[in-house]
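Enquirer: Using our numbering, you'd call the opening residue of the sequence shown number 2 and step up by one each time.
Virtual Cβ for every residue (Gly too), placed ideally from N, Cα, C.
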Amino acid sequence: MVELLLYISGAIAAVGAAAEVLRRVSRGV
Numbered sequence: 002m003v004e005l006l007l008y009i010s011g012a013i014a015a016v017g018a019a020a021e022v023l024r025r026v027s028r029g030v
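(1) Rounded to whole angstroms, what is the Cα-Cα separation between glutamate 4 and serine 10?
(2) Cα separation between alanine 1 and glutamate 21?
(3) Secondary structure at valine 30, three-state DSSP: helix, strand or coil?
Next comes the structure, spelled out in structure tokens:
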């Protein structure tokens, strides 16, 4: 169960990081 929570939290963090990168790229353009 703990491993599942870590996987989910990691996925959320990855999505958040990707969203931040897209925001910076869109602002740069």
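Expert: This is what the structure holds:
(1) Stepping through the sequence shown from its first residue, residue 4 is reached at position 3. Stepping through the sequence shown from its first residue, residue 10 is reached at position 9. Their Cα atoms are separated by approximately 10 Å.
(2) Residue 1 is absent from the structure shown; the chain starts at 2 and stops at 30.
(3) Translated into positions along the sequence shown, residue 30 becomes position 29. Here valine 30 sits in coil by DSSP.
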